[in-house]
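Down below is the structure, laid out as structure tokens.
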Amino acid sequence: MKEHLRQSMAWLHTWVGLVAGWLLFFVFVTGTAGYFQYEITRWMEPERTMQLDNPGEGVATGHMLELALQRLEQVAPVAASWRITLPHEAMAPREWRGLEIRWEEMPLPGHEWGASGSEKLDPASGALLPAGPEPRETAGGRGLYRMHYALHYMSYDWAIRIVGIATMLMLLAIVSGVITHKKIFKDFFTFRPGKGQRSWLDAHNAVSVMALPFFLMITYSGLVFFLFTYMPAGRDVLYGTGPAEQSAYYDELFERGEHKHEPIGKPAVALAPLVAQAEAEWGAGRVASVTIERHEGEPPEILVAQVPGGSLDFWNPATLRFHAGTGERLEPEPRPGGSAGLTQSVMFNLHEGLFADIWGRWLYFVAGLLGCAMIGTGLVLWSVKRRRHHLGSGREGAEHFGVRLVEALNVATIAGLPLAVAAYFWANRLLPVDIADRAAWEFHSLFAVWLGTLFYARARPLARAWVELLWGACAAYALVPVINALTSDRHLGQTLPSGDWVLAGFDLTMWALAAMFAYTAIKVRRRLAPAGQAVQAAAGAMPRKGVA
Amino acid sequence: MKKESTLTPAYCWSVASRVAAAALGGYALTSAATVLMSLLWPAPRAQGVLWATMISFTVYTVAVIWAFHTRSAARAWTGMVFGTLLLSGISWLLWLAERGGGA
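Chains as they are written, first to last, in the numbering used here: chain A, 179 to 726; chain B, 159 to 261.
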């Protein structure tokens, strides 16, 4: 019985993995890049200046708050809410924020929300900061990141369902893969290099077990992002399917009443002592913003909010509430949504990793790359196994169409997609800056190159296609910093001396990726040489065909 | 589930039927389980629905694995259909009782 379970799970693992593998590889590549989406966007907007240190350094908090209040009284004397953002180091996007004000006007009759506006102010003088240079039009890091759930060239509704099905298949592949495993820890330390299929299996096992908790977390939380799209039964049966019923459901879940504000003005109490009180609790520089608003039937209140990033409930940072007339501390409002809402929020944040500091983000990035390696080795394992099967049955003369197709798709995905992502960065620097729909052309470049690699994989002998495309990816990444140096002044010669680690880090990471592809290409190439020198590459792929 | 050498039409149909039982039958069963869990969850209704829906993906996973593990495709279908009917029936009764009690 136990043996039967393992066998049936092995079958399920194999086929579920194959069906979803290529799409999941795409999702993992673009999603992994997404952990650095803000850094990538910055690189893709070289015109933008970056605030590298505290813009409010040396200016008293009370002075900034006073300047901000004066400006708010000027631009929005009758408002539903005022918000002052104090200079702080934010995590999403990860950069220094300066002094900013934001307001919402009283809604017009019949409307729930009023018009809102915002301005950036000089912390010392309160003067309106001039807008920075307009960056080039680019899809940026967000474009890559967004594709990992919204794909491209198709409607959002279709895309999230397709990705959802693939994600569910991945969850099944993980669970069935674990069941198939007899001895999960023994297998983890088992590695037999240079043994063809056996080595692929060992590599696949090792990579999969290494980051298993990450894979389970990222898959399950991925499903939870669009949970009511994937599993609407509970909500639809108990609340109804219309838009009004669904919005009623969310209002109930998050205990939202009608959005009704009364107009506010400059508060009677000084803000600086309240901020000081919050800083005493959270530490200096941990206050993100001060909001002044008044809900209908309640006294006007002042809300001091912490910089998001203190907890796994990223978007609900701690707040302190004060009475705007007396400065008296008010009871904190309970977090809406209860334990269910909190659980969902924690899953979102584990998935997005915004709470993580720079090393935490690298850990996410590496775990994402291991995900790519897991899917890649799994796909190659499938074709290596099948090819051996066909060779064994004496049909080596007849190219098996299915196996050949899988092999071509493997090359084009595992070696071709990274090459296409490099083309996305090339396009950012090489497309004319004033071309219409520039961001769209960046995407077109990516997909055109990717399609090109598929044709290439079909046209070349398989073994040659692997090696050549891997070297192609290596060259494409190695040249990204070079093209950057030729087309912008934010290159390594400038970013390294000035200690701008975001931009320097991007260029250096490109070279690290190039080195990784070179290593893989060399390993794979060596596998082509006559037996005896067989070497195993963990991240690349090399079916046996070329040996013959 | 068996070796590829036994690729008879009957075998193919049985695999296809099992896949359908797992994917579609499993989804129906999971939907019914989600509604029932939403009704039974000891929290405000809206939160119960959120909990049940978050857990539904685990239910679906277990249902699919069972469908591939069980002895035959027929058994897989039987389990899915009767499970769905049973869970929906209990949900229906609970809902009626709630309505009656509340009125």
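No residue lacks a Cβ here, since even glycine has one placed at the ideal position from N, Cα and C.
None of the values given here were measured: they were computed from a predicted structure.
- Message: Counting only beta-carbon separations shorter than 8 Å, does A/Leu772 have a partner in chain B?
- Response: Not covered by the structure: residue 772 of chain A. The range shown for chain A is 179 to 726.
Roughly how many angstroms lie between the CA atoms of B/Ser249 and A/Leu520, to the nearest whole one? Position 91 of the second sequence, counting from 1, holds the residue named residue 249 of chain B. Position 342 of the first sequence, counting from 1, holds the residue named residue 520 of chain A. If you take the alpha carbons of B/Ser249 and A/Leu520, they lie about 26 Å apart.
| query | Which residues, in chain order, does the stretch 419-431 of chain A contribute to contact with chain B at a C-beta distance below 7 Å? | reply | Flagged, chain order: Tyr427, Glu430, Leu431.
Could you tell me how far apart the beta carbons of A/Trp291 and A/Glu282 are, in whole angstroms, since I believe they sit closer than 8 Å? The count along the first sequence starts at 1 and reaches residue 291 of chain A at position 113. The count along the first sequence starts at 1 and reaches residue 282 of chain A at position 104. At roughly 7 Å, the Cβ-Cβ gap stays under 8 Å, so A/Trp291 and A/Glu282 are in contact.
Contact between the stretch 298-307 of chain A and the stretch 487-506 of chain A is defined here as three or more beta-carbon pairs at a separation below 8 Å; is this criterion met?
Short answer: they don't touch.
Practice task
Can you have a look at B/Gly247 and say buried or exposed, based on whether 16 or more other CB atoms are within 10 angstroms of its CB?
Solution key: Indexing the second sequence from 1 puts residue 247 of chain B at position 89. B/Gly247 comes out exposed.
_Closest by C-alpha distance to A/Arg513, when choosing among A/Ala422, A/Ala590, A/Glu530, A/Glu433_ = To locate residue 513 of chain A, count along the first sequence from 1; it is residue 335. Comparing Cα-Cα distances from A/Arg513 to each of A/Ala422, A/Ala590, A/Glu530, A/Glu433, the minimum goes to A/Glu433.
Since B/Met212 meets chain A, which of its residues come closer than 8 Å, beta carbon to beta carbon? Position 54 of the second sequence, counted from the first residue, corresponds to residue 212 of chain B. Residues of chain A whose Cβ lies closer than 8 Å to the Cβ of B/Met212 are, in chain order, Val402, Leu405, Ala518, Thr521, Gln522, Met525.
Query raised in the report: Using a Cβ cut-off of 7 Å, which residues of the stretch 385-399 of chain A contact any Cβ in chain C, in chain order?
Result: Given the protein chain composition of this structure (A and B), no chain C is represented.
Quiz prompt | Reduced DSSP secondary structure (H/G/I, E/B, other) of A/Ser666 | solution = What you label residue 666 of chain A is simply residue 488 of the first sequence in a count that begins at 1. Coil.
Would you tell me roughly how many angstroms separate the C-alpha atoms of A/Pro721 and A/Ile700, rounded to the nearest one? Locating residue 721 of chain A in the first sequence gives position 543, where the first residue counts as 1. Locating residue 700 of chain A in the first sequence gives position 522, where the first residue counts as 1. Interpretation of A/Pro721 is limited by its pLDDT of 42, a score under 50 that renders its predicted location unreliable; no figure is taken from the coordinates.
*asked:* Taking the alpha-carbon of A/Phe684 as reference, which of A/Glu223, A/Leu190, A/Glu181 has the nearest alpha-carbon?
replied: By one-based count along the first sequence, residue 684 of chain A stands at place 506. Of A/Glu223, A/Leu190, A/Glu181, the residue nearest in Cα terms is A/Glu223.
Legend entry - Cross-chain neighbours of A/Ser354 in chain B, by beta carbon under 7 Å: For this step, residue 354 of chain A is matched to residue 176 along the first sequence. Correct list: Ile223.
- [ ] Note down, in chain order, every chain B residue with its Cβ under 7 Å from the Cβ of A/Ala411.
- [x] Your numbering for residue 411 of chain A matches position 233 in the first sequence. What A/Ala411 touches in chain B: Ser189, Thr192, Val193.
Would you say A/Gly515 touches the ligand FMN, meaning its beta carbon is less than 7 Å from a heavy atom? As far as ligands go, the structure on display features none, and thus does not contain the ligand FMN.
Original post:
Considering only the beta carbon of each residue, do A/Ala317 and A/Tyr327 sit closer than 8 Å?
Top reply: Within the first sequence, the letter at position 139 stands for residue 317 of chain A. Within the first sequence, the letter at position 149 stands for residue 327 of chain A. In terms of Cβ geometry, A/Ala317 and A/Tyr327 do not form a close pair [threshold 8 Å].
Using a Cβ-Cβ distance cut-off of 8 Å, determine whether A/Glu574 contacts chain B. The sequence position of residue 574 of chain A within the first sequence is 396, counting from 1. Here A/Glu574 scores only 49 on pLDDT, less than 50, and its place in the model is too uncertain to base an answer on.
In the DSSP output, what is A/Val482 paired with across the bridge?
Walking along the first sequence from the start, residue 482 of chain A turns up at place 304. For A/Val482, which the question treats as bridged, DSSP gives the partners A/Val468, A/Leu498.
### Message
Let's test the definition: count the other Cβ atoms within 10 Å of the Cβ of A/Thr698 and tell me whether it reaches 16, buried, or not, exposed.
### Response
The residue you call residue 698 of chain A lines up with position 520 of the first sequence. Under a 10 Å Cβ-count criterion, A/Thr698 is classified as buried, with 16 or more other Cβ atoms of the shown protein chains found around its own Cβ.
- prompt: Quick one: what's got a C-beta closer than 6 Å to A/Ala654's C-beta in the same chain, skipping five residues either side?
  reply: Taking the first sequence and counting its residues from 1, the one referred to as residue 654 of chain A is at position 476. Sequence-distant partners of A/Ala654 (beyond 5 residues in either direction) whose C-beta falls short of 6 Å from its own C-beta, in its chain, are Leu597, Ala600.
* Asked: Near A/Gly234, which residues of its chain fall below 8 Å by C-beta distance, leaving aside the five closest residues on each side in sequence?
  -> For this step, residue 234 of chain A is matched to residue 56 along the first sequence. If we look at A/Gly234 and ignore the five residues flanking it on each side, its Cβ neighbours are Met242, Leu264, Pro265, Gly276, Leu277, Pro301.
Reduced DSSP secondary structure (H/G/I, E/B, other) of A/Leu329:
The residue labelled residue 329 of chain A in the question sits at position 151 within the first sequence. Looking at A/Leu329 - three-state DSSP - the assignment turns out to be coil, as it is neither helix nor strand.
Notebook entry, point to check: Count the other CB atoms within 10 Å of the CB of B/Ala204; is the residue buried (16 or more) or exposed (fewer)?
Noted result: Working through the second sequence from its first residue, we reach residue 204 of chain B at position 46. Counting Cβ neighbours within 10 Å, B/Ala204 comes out buried, since at least 16 surround it.
How is A/Glu574 classed by DSSP in three states: helix, strand or coil?
-> Position 396 of the first sequence, counting from 1, holds the residue named residue 574 of chain A. Residue placement at A/Glu574 is poorly supported in this model, since its pLDDT is 49, which falls under 50; the coordinates still yield a value, given next. Coil at A/Glu574, not helix or strand.
How far does the beta strand (DSSP E) with A/Ile262 in it reach, from first residue to last? To locate residue 262 of chain A, count along the first sequence from 1; it is residue 84. Residues 257-263.
Using a Cβ-Cβ distance under 8 Å, would A/Met346 count as near chain B?
Within the first sequence, the letter at position 168 stands for residue 346 of chain A. At least one chain B Cβ lies under 8 Å of A/Met346.
*asked:* For A/Thr497 and A/Leu307, what's the separation of their Cα atoms in angstroms?
replied: In the first sequence, residue 497 of chain A corresponds to position 319, counting from 1. In the first sequence, residue 307 of chain A corresponds to position 129, counting from 1. If I take the Cα positions, the gap works out to 28 Å.
Contacts that A/Leu559 makes with chain B (C-beta to C-beta distance below 7 Å): Working through the first sequence from its first residue, we reach residue 559 of chain A at position 381. Listed along chain B is no residue with a C-beta nearer than 7 Å to that of A/Leu559; the closest approach is about 16 Å.
Notebook entry, point to check: Contact check, A/Trp378 vs A/Val562 under 8 Å by CB: the rounded distance?
Noted result: Numbered from 1 along the first sequence, position 200 holds the residue referred to as residue 378 of chain A. Numbered from 1 along the first sequence, position 384 holds the residue referred to as residue 562 of chain A. Separation of the CB atoms of A/Trp378 and A/Val562 is rounded to 6 Å, and the pair is thereby assigned contact status at 8 Å.
Bridge partner(s) assigned by DSSP for A/Met269: Here residue 269 of chain A refers to the residue found at position 91 when the first sequence is read from its first residue. Within the DSSP secondary-structure output, A/Met269 pairs in a beta bridge with A/Arg272.
**Prompt:** Going by beta carbon distance, what residues of the same chain come within less than 7 Å of B/Thr188, once the five residues before and after it are set aside?
**Reply:** In the second sequence, the residue the question calls residue 188 of chain B occupies position 30. Excluding positions up to five away in sequence, the list reads Ser214, Val217, Tyr218, Ala221.
- Is the beta carbon of A/Thr210 less than 8 Å from the beta carbon of A/Phe621? Taking the first residue of the first sequence as position 1, residue 210 of chain A is located at position 32. Taking the first residue of the first sequence as position 1, residue 621 of chain A is located at position 443. Contact flag unset, no.
Check your understanding: In three-state terms, what does DSSP make of A/Lys438?
Key -> Against the first sequence, residue 438 of chain A aligns to sequence position 260. In this structure, A/Lys438 counts as coil in the three-state DSSP scheme.
task = Could you name the residues of chain B that A/Leu547 contacts, counting a contact when the two beta carbons are closer than 9 Å?
result = For this step, residue 547 of chain A is matched to residue 369 along the first sequence. Residues of chain B passing the Cβ test: none, with the nearest at roughly 25 Å.
- Beta-ladder partner(s) of A/Lys298, from DSSP: On the first sequence, residue 298 of chain A is found 120 positions in, with the first residue counted as 1. A/Lys298 pairs with A/Glu278.
*For chain B, is any of its Cβ atoms less than 8 Å away from the one on A/Gly515?*
Working through the first sequence from its first residue, we reach residue 515 of chain A at position 337. Residue-level contact check: A/Gly515 touches chain B, since one or more beta carbons of chain B fall below 8 Å from its beta carbon.
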